[in-house]
Structure formats: C-alpha cells, structure tokens
Amino acid sequence: MTLSLLPGATKLSDLEKIYREDRLFELAGSTFDAVNRSAAILADRVKTGDAIYGVNTGFGKLASVRIDDQNLVALQRNLVRSHCAGVGEPLPADVVRLIVALKCLSLGRGTSGVRPAVIHQLQNMLKADIIPLIPEKGSVGASGDLAPLAHMAAALIGEGDVFHRGKQMAAGEALQAAGLAPLELQAKEGLALLNGTQVSTALALAGLFDAWRLGVASLTTTALSIDAAMGSNAPFHDEIHQLRGHRGQIESSTRLRELLAGSEIRRSHKQGDERVQDPYCLRCAPQVIGACLDQLRQAGTVLEIEANAATDNPLILSDGEIVSGGNFHAEPVAFAADNAAIAISEIGSIAQRRVALLVDPALSFGLPAFLAPDPGLSSGLMIAEVTSAALMSENKSLSNPRSVDSTPTSANQEDHVSMACHGARRLLEMNDNLAGILGVEAMTAAQGIELRAPLQTSKRLKAIVGDVRDVCPPLVDDRMVAADIEAMAALVHKSDVLSQLGGSIAPIELGA
Numbered sequence: 008m009t010l011s012l013l014p015g016a017t018k019l020s021d022l023e024k025i026y027r028e029d030r031l032f033e034l035a036g037s038t039f040d041a042v043n044r045s046a047a048i049l050a051d052r053v054k055t056g057d058a059i060y061g062v063n064t065g066f067g068k069l070a071s072v073r074i075d076d077q078n079l080v081a082l083q084r085n086l087v088r089s090h091c092a093g094v095g096e097p098l099p100a101d102v103v104r105l106i107v108a109l110k111c112l113s114l115g116r117g118t119s120g121v122r123p124a125v126i127h128q129l130q131n132m133l134k135a136d137i138i139p140l141i142p143e144k145g146s147v148g149a150s151g152d153l154a155p156l157a158h159m160a161a162a163l164i165g166e167g168d169v170f171h172r173g174k175q176m177a178a179g180e181a182l183q184a185a186g187l188a189p190l191e192l193q194a195k196e197g198l199a200l201l202n203g204t205q206v207s208t209a210l211a212l213a214g215l216f217d218a219w220r221l222g223v224a225s226l227t228t229t230a231l232s233i234d235a236a237m238g239s240n241a242p243f244h245d246e247i248h249q250l251r252g253h254r255g256q257i258e259s260s261t262r263l264r265e266l267l268a269g270s271e272i273r274r275s276h277k278q279g280d281e282r283v284q285d286p287y288c289l290r291c292a293p294q295v296i297g298a299c300l301d302q303l304r305q306a307g308t309v310l311e312i313e314a315n316a317a318t319d320n321p322l323i324l325s326d327g328e329i330v331s332g333g334n335f336h337a338e339p340v341a342f343a344a345d346n347a348a349i350a351i352s353e354i355g356s357i358a359q360r361r362v363a364l365l366v367d368p369a370l371s372f373g374l375p376a377f378l379a380p381d382p383g384l385s386s387g388l389m390i391a392e393v394t395s396a397a398l399m400s401e402n403k404s405l406s407n408p409r410s411v412d413s414t415p416t417s418a419n420q421e422d423h424v425s426m427a428c429h430g431a432r433r434l435l436e437m438n439d440n441l442a443g444i445l446g447v448e449a450m451t452a453a454q455g456i457e458l459r460a461p462l463q464t465s466k467r468l469k470a471i472v473g474d475v476r477d478v479c480p481p482l483v484d485d486r487m488v489a490a491d492i493e494a495m496a497a498l499v500h501k502s503d504v505l506s507q508l509g510g511s512i513a514p515i516e517l518g519a
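Numbering of the sequence shown is given in the working numbering, commencing with residue 8 and proceeding in unit increments.
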C-alpha cells in the first residue's frame with residue numbers, strides 16, 4: 008500500500024515503514040499547490056533580472072559571479088556534475104529510499120522553487136525500483152549533504168550509476184528501461200536537490216530505528232540474565248520508579264516485572280539467599296536502559312522535525328521574498344546522532360557487564376565457570392564474552408562526539424560545519440556491534456537458565472529461550488560459536504521476537 012505523506016507533518020512511524028518495508032509513497036495532492044506557487048514566484052523573479060544566489064549566480068565563494076540567462080540550465084547541470092565527488096561504498100538501498108523520501112518532503116514544503124516534475128521524477132524512480140548509487144562519504148554536514156545528494160540528483164538527469172532491480176547500471180540505461188526520460192533541470196532545481204540535510208537525517212533515522220529496536224530488545228536479554236543469575240526483582244518495584252518519574256525508567260521496570268512474573272527460579276531463592284543487593288548491571292537496569300530510551304526518544308523528536316524541514320537555500324518565503332539563510336546546516340542532526348551514539352554505547356556497556364557476571368563463578372551464584380559443561384576440559388562461553396567486550400569497547404570509541412569537530416571548507420566561505428553525516432553513519436556500525444553484544448547475552452543467559460533446571464523460568468522468558476534455541480542450540484560440548492553469535496545478532500537486530508514478544512506485551516513506543 009502506497010503511503011501518503013504530508014510535508015511538514017510526516018511521522019516517524021511512516022518513515023520507518025519506508026525504511027523497513029520498502030514502502031512506496033506519494034506526497035499528498037494538496038502539496039503541489041504550494042510547490043507550483045513557489046516555482047511561479049521564482050520564474051517571475053528570474054525574468055526581472057535580479058541577482059538570486061544559485062539561480063543566476065555562482066555558488067559558495069563564487070556567488071559574486073553573475074550567470075547569463077542562456078546559461079541557467081547549464082549552471083544547474085554543471086552544479087550536479089561538479090558536486091558528484093563522493094567516495095566509499097554505496098549507501099544501503101533502504102537508506103537511499105529514505106533519503107529520496109526526505110528530499111521529496113523538503114521540496115514539498117513549497118519553498119524551494121522547483122517544479123512538481125522534480126518531485127514526480129524522484130517518486131517514479133523508486134516506483135521503478137531505481138535506486139541512485141550514493142557513495143557513503145563526502146559530506147561535512149553543512150551547505151547541505153552536497154556530494155551525496157549530487158549523486159542522487161545525477162540519477163534524475165540520467166547520469167551516474169544506479170541500482171535497477173538490484174543490478175548496478177548507468178542511470179540513463181535504467182531510466183530508459185523503466186520508460187522514464189532524464190529530467191532537464193531548470194533554474195535553482197539542481198541547487199534545491201543538492202542543498203539540504205537529507206542524507207545525514209536519513210542515516211540518523213536508520214540508526215535511530217534500529218537502536219530503538221535493540222534498546223527494547225535489551226530489556227528482554229536483561230530479564231533473561233536476571234533469572235539466570237538468580238537476581239532479585241525487588242529493585243523493579245513500581246513505586247521506586249514512579250518516585251523518580253522518568254518515562255523510560257518506568258517503562259523499563261514495568262517490562263522487567265512482566266517478563267519475570269511467575270518465575271520458579273525467582274521464587275526459589277526469596278528465602279535463605281545471603282546476597283543483600285545485586286550488582287548494578289542487574290539492579291540499575293531500568294535506570295540505565297530507561298535513560299537510553301529517553302535519549303533516543305529525544306533524538307527522534309529532533310529528527311522528526313528535521314525530516315519535515317525545508318533545508319535548502321535560498322528559500323522562497325510566504326510573502327514571495329527570496330532569502331538566503333542557513334537551514335542546510337545539520338547541527339541539530341549532528342547533536343541527535345551524538346546523543347543516539349551515547350545511548351547505543353551505554354546499552355551495550357551494561358549488557359556486557361551482565362555477560363561477564365554470568366560467566367564468572369564468583370558472581371553467578373552457582374553456575375559453572377564460563378557456563379561450560381565440564382570447566383577446564385571445556386572453555387564454554389569464555390571467548391564469546393571476550394567478543395562482547397571487544398564490541399563494547401569499539402562502541403565506546405565510536406560514541407565520542409562528532410559534532411564538536413569542524414573544519415573550514417570552500418575557501419573559508421563555509422567556515423563551520425556539523426560533521427552530521429558521518430556522525431550519523433557510524434550509528435549503523437554501532438548497532439551491528441550492539442546486536443552482537445545482545446546476541447551473546449541472550450545465548451549466555453539462555454544457557455544459564457537451562458542450567459538452573461529443574462527450576463523453570465517464567466512463561467514469557469521460557470518462550471524467548473525457545474526462540475533462542477531455534478537458532479542457537481545449547482552448549483553441550485565446546486564448538487565453534489562464531490556462527491551462533493552471528494545468528495543471535497541477526498535475531499535481535501532484525502526480528503521483533505525479543506523487542507515485542509509477538510505482541511504479548513504492550514509495545515514500548517518510540518513516539519510520544
């Protein structure tokens with residue numbers, strides 16, 4: 008089913024459908040009244056001969072150079088060609104679809120001066136399964152994501168490369184196969200396509216969507232670890248968390264209580280357990296994971312605003328004035344990406360400490376060393392824990408802020424930049440690392456719970472252990488566990504098994 012998107016009012020939930028489900032979209036019909044209006048205003052101003060940045064002038068440091076009317080079309084074509092300077096691997100197709108959707112939303116605000124044909128060309132390319140090949144590197148996140156967006160724009164005019172039905176080919180060839188004609192860009196249209204924060208924002212949204220799923224999934228792996236370690240559920244008493252008042256913390260403690268309810272393992276040690284308090288990685292899980300979820304929610308609020316924003320330059324205002332500004336500067340996106348990175352790192356950090364607890368016989372309350380069937384002869388999950396530590400340490404390094412970095416570009420005309428694009432792109436790698444950590448925790452905790460037999464975990468956690476065992480058999484002898492870790496990472500990263508329990512518990516939502 009094709010989504011109808013309203014520029015200025017599109018929700019994260021619809022953007023996530025485009026990202027996860029490859030959903031096609033169209034802008035709401037009323038959108039094009041504003042688009043036509045701004046295009047007409049621009050056309051009239053061009054006829055007056057007034058100097059308008061990027062329309063009949065050069066760009067950046069060359070803004071003082073006036074361009075003759077007969078060269079306005081060539082100016083836009085040259086802009087696209089000259090800015091196709093990206094390097095690195097192609098961005099994933101799901102991210103590129105999101106980039107195209109965000110660009111349509113921005114142009115659809117009716118402040119860019121482009122014709123509806125530009126938006127239709129973008130939409131029709133996705134309908135024909137034509138995905139522009141956009142190199143991952145080359146943007147500093149200010150003056151727009153110029154290089155990557157130039158590669159997107161090149162595909163519209165039949166230049167550069169694309170993926171058509173999964174096969175890389177020349178854009179012109181793909182357009183012809185799909186029955187689409189290359190678009191000849193008119194005044195300002197190349198600039199409107201290149202200016203904007205859509206690549207940074209799409210990467211940040213992709214990182215956010217996966218981080219949210221993993222963050223919620225971590226509550227399930229936490230509950231598994233708590234029961235495997237014979238931890239207490241007293242710290243999850245609702246009143247404790249209500250007295251503090253943070254939404255994420257309250258939701259996290261509620262989820263943990265629901266998951267642990269009915270556990271025989273928990274009931275078995277309510278009396279006679281000499282331990283007074285559990286380590287923080289168990290006891291403070293709602294406070295830590297909840298804070299991370301709240302941090303991700305805040306990032307989501309910023310990114311939803313940015314997804315709906317007009318971020319090119321100059322803009323055609325409501326009174327018809329054409330004004331140069333700086334909405335292309337991606338500082339809000341850079342901050343959101345940095346905050347998300349910190350949250351991803353912390354979710355993994357506390358999860359790794361739970362893995363370390365479970366494999367340590369001094370802390371695991373009766374479990375064998377490294378959960379090995381015959382410790383000494385067998386090493387069990389010793390090195391799986393080391394792998395989780397390595398992934399945790401990588402994410403700590405990757406979580407250092409990118410937004411505090413800046414370097415002048417374009418002959419010092421663009422003298423402060425956000426670094427939002429690679430700040431957002433690293434979230435994809437961090438999520439892969441986090442999925443690996445949570446995968447190791449799930450397989451470790453499942454092993455620990457099974458070693459508590461004949462005592463049984465809760466009904467809900469027993470079902471989760473079953474899901475784990477579908478892809479990762481119990482460890483009865485030493486074996487190569489790399490494939491198990493990979494399978495478990497895929498389970499927590501791509502499936503909603505751990506994050507939503509198949510709907511048996513009310514979901515924890517990203518939005519308000």
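Every residue gets a Cβ at the ideal spot worked out from N, C-alpha and C, and that includes glycine. None of these values were measured; they are calculated from a predicted model.
| Check | Outcome |
| --- | --- |
| Coil, strand or helix - S406 by DSSP | coil |
| Helix, strand or coil at M176 according to DSSP, with G and I counted as helix | strand |
| Same chain only: Cβ atoms within 6 Å of K18, ignoring 5 sequence neighbours per side | none |
| Three-pair Cβ contact test at 8 Å for the segment 12-28 versus the segment 101-121 | yes |
| Spatial distance of L266 from D29 (CA atoms) | 32 Å |
| Same chain only: Cβ atoms within 6 Å of H423, ignoring 5 sequence neighbours per side | S413 |
| Beta-carbon gap between A161 and V87 smaller than 7 Å | yes |
| With 16 other Cβ atoms within 10 Å as the buried cut-off, status of L200 | buried |
| Every unbroken alpha helix (DSSP H) inside the segment 215-303 [4 residues or more] | 245-251, 254-267, 271-275, 287-290 |
| A41 to G117 span [Cα, whole Å] | 5 Å |
| Any 3 or more C-beta pairs closer than 8 Å across the segment 234-254 and the segment 286-302 | yes |
| Neighbour-count burial assignment, K501, 16 or more Cβ in a 10 Å radius | exposed |
| T416, DSSP secondary structure in three states | strand |
| According to DSSP, residues forming a beta bridge with V169 | P139, M176 |
| Distance between beta carbons of S207 and V340, contact taken as under 8 Å | 5 Å |
| Beta-carbon contacts of I515 that lie in its chain and below 6 Å, excluding the five residues immediately before and after | V223, E258 |
| Contact check, A149 vs E421, beta carbons under 7 Å | yes |
| Touch test, the segment 140-160 against the segment 79-98, Cβ-Cβ under 8 Å, three pairs minimum | yes |
| Residue nearest to N419 in terms of C-alpha spacing, selected from R433, H244, K68 | K68 |
| M495 and M450 closer than 7 Å at C-beta | yes |
| Local conformation of T38 per DSSP, three classes | helix |
| Beta strand (DSSP E) segment containing E353, residue limits | Premise fails: E353 lies in the alpha helix (DSSP H), 338-366, not in any beta strand (DSSP E). |
| Among A348, A209, A135, G203, the one whose alpha carbon lies nearest that of A317 | G203 |
| Cβ distance (whole Å) where F210 is taken to contact A442 below 8 Å | The sequence as given places Leu at residue 210; Phe does not occur at that position. Wrong, their Cβ atoms sit about 17 Å apart, outside the cutoff. |
| At least three beta-carbon pairs within less than 8 Å, the segment 317-331 to the segment 116-133 | yes |
| Alpha carbon of P142 to alpha carbon of R290, nearest angstrom | 44 Å |
| The ligand FMN heavy atom lying under 6 Å from the CB of T318 | Among the components modelled here there is no ligand, and therefore nothing to report on the ligand FMN. |
| Collapsed DSSP secondary structure at E328 in the structure displayed | coil |
| Own chain residues within Cβ distance below 8 Å of R27, not counting five before or after | D101, F216 |
| 7 Å Cβ shell around V525 - same chain, five flanking residues per side excluded | Not covered by the structure: residue 525. The range shown for the chain is 8 to 519. |
| 7 Å Cβ shell around A58 - same chain, five flanking residues per side excluded | T64, R73 |
| DSSP beta-bridge partners of V62 | In DSSP, V62 forms no bridge with anything. |
| Residues bridged to S11 [DSSP beta-bridge criterion] | E33 |
| Close Cβ partners of G387 (< 6 Å) along its chain, the five nearest in sequence each way excluded | F377, L378, A379 |
| Anticipated Cβ contact below 8 Å, D484 with S385, distance rounded | 7 Å |
| Host alpha helix (DSSP H) of E448 (start-end) | 427-457 |
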